[in-house]
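So the structure is just underneath, and the comments pick up after that.
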Amino acid sequence: MEELQVTEESLLRVIIEKESWEEIIYYIVNIEKIDPWNVDIAKLCDGFIKFLRRAKELDFRIPAKVVFIASILLRMKAEYLMMREEEKIEEKEEEIPEFFDVRPEMLKLAYPVRRIPRRQITLEELIIALKKAMDVEKKKKERRESLAQRLQRQIDFEEDIEKRIRMVLQKIEDLYFKKNKVEFRDIVDKWERSEIVKNFLPILHLEKNKEIRTEQLEFFKEIWIYLTKKQGS
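Here is the structure:
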């Protein structure tokens with residue numbers, strides 16, 4: 051009995067460490083004697099949950115994608131049982147056990163698998179459907195991460211431009227009180243395209259906020275910068 055327990059623990063460890071939900075399903079199909087040509091979704095789901103509960107008891111970390119598959123199987127089980135009822139009953143969703151550490155709304159949001167066909171479903175068809183669900187979730191995650199990155203870049207840019215605006219204004223003030231007007235060239239440390247743009251954008255912001263005004267007597271000639279009365283006072 052002890053040898054059997056060690057073997058089970060070793061097998062659980064290998065499967066969990068590989069993070070292979072497919073191997074978990076194959077393992078359950080084998081030990082539960084589920085027909086691969088006519089998968090009993092309810093039995094498979096119960097076996098999957100039992101497997102994860104056992105893994106949790108052994109202090110194994112359960113990968114997020116395995117939890118995701120569990121949430122899909124629970125929804126599929128609920129639908130499968132409803133279809134077996136002769137009369138329509140009010141749908142009751144089965145909750146994910148608390149030990150999964152997953153938000154309850156995940157059960158509703160992360161279920162992109164098509165409805166179970168009324169005919170029997172094979173193990174191969176089920177695996178394909180679950181893989182498609184994983185692909186959809188992966189793309190959703192990538193879009194969320196991409197959006198988060200764009201937002202962070204925007205925040206970083208806004209913080210950076212605000213700092214540069216204050217720095218440019220300080221330069222203008224220091225020069226302005228010496229000679230009452232400032233050439234744009236005076237505030238650019240190095241006359242290179244990147245430095246010109248880096249300093250010109252703050253000038254546009256400052257003028258828009260009426261902290262300065264600019265004057266260019268001829269196109270492509272020098273830009274003169276003046277502090278407004280409000281700023282100069």
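Those letters in the sequence shown? Residues 51 to 283, by the numbering used here. Every residue gets a Cβ at the ideal spot worked out from N, C-alpha and C, and that includes glycine.
C-alpha gap between residue i and residue j, whole angstroms
i: isoleucine 119; j: glutamate 129; result: 15 Å
i: arginine 153; j: aspartate 85; result: Annotation note: pLDDT 49 at arginine 153 (below 50); position unreliable, no value reported.
i: lysine 106; j: arginine 216; result: 55 Å
i: isoleucine 275; j: aspartate 210; result: 22 Å
i: isoleucine 99; j: valine 89; result: 16 Å
i: aspartate 239; j: serine 196; result: 35 Å
i: leucine 123; j: valine 117; result: 10 Å
i: cysteine 95; j: lysine 248; result: 59 Å
i: alanine 179; j: arginine 194; result: 23 Å
i: lysine 182; j: lysine 189; result: 11 Å
i: asparagine 230; j: leucine 277; result: 8 Å
i: glutamate 141; j: lysine 115; result: At glutamate 141, the pLDDT of 47 sits below 50, so the modelled position is not reliable and the matter cannot be decided from this model.
i: arginine 200; j: glutamate 261; result: 30 Å
i: glutamate 192; j: glutamate 212; result: 30 Å
i: tryptophan 241; j: aspartate 185; result: 50 Å
i: glutamine 170; j: arginine 103; result: 28 Å
i: threonine 264; j: arginine 214; result: 18 Å
i: glutamate 174; j: serine 244; result: 57 Å
i: phenylalanine 13; j: phenylalanine 250; result: Examination of residue 13 is not possible in this model, given that the chain is present from 51 through 283 alone.
i: asparagine 80; j: leucine 131; result: 22 Å
i: lysine 93; j: arginine 63; result: 23 Å
Residue i classed as buried or exposed, judged by whether at least 16 other C-beta atoms fall within 10 angstroms
i: proline 252; result: buried
i: glutamate 53; result: Here glutamate 53 scores only 42 on pLDDT, less than 50, and its place in the model should not be relied on; the value that follows carries that caveat. The residue in question, glutamate 53, is exposed, as its Cβ has fewer than 16 Cβ neighbours within 10 Å.
i: methionine 133; result: exposed
i: lysine 258; result: exposed
i: lysine 127; result: buried
i: glutamate 187; result: buried
i: leucine 176; result: buried
i: isoleucine 91; result: buried
i: arginine 125; result: buried
Cβ-Cβ distance between residue i and residue j below 7 Å
i: leucine 254; j: aspartate 236; result: no
i: isoleucine 273; j: phenylalanine 227; result: no
i: isoleucine 13; j: valine 232; result: The question about residue 13 has no answer here: the residues shown for the chain are numbered 51 through 283.
i: threonine 284; j: tryptophan 71; result: Residue 284 lies beyond the stretch modelled for the chain, which goes from 51 to 283, so this question has no answer here.
i: isoleucine 74; j: phenylalanine 101; result: yes
i: isoleucine 112; j: glycine 97; result: no
i: leucine 267; j: leucine 219; result: no
**Item:** Ordered list of beta strand (DSSP E) runs contained in the stretch 202 to 247, each at least 3 residues
**Value:** none
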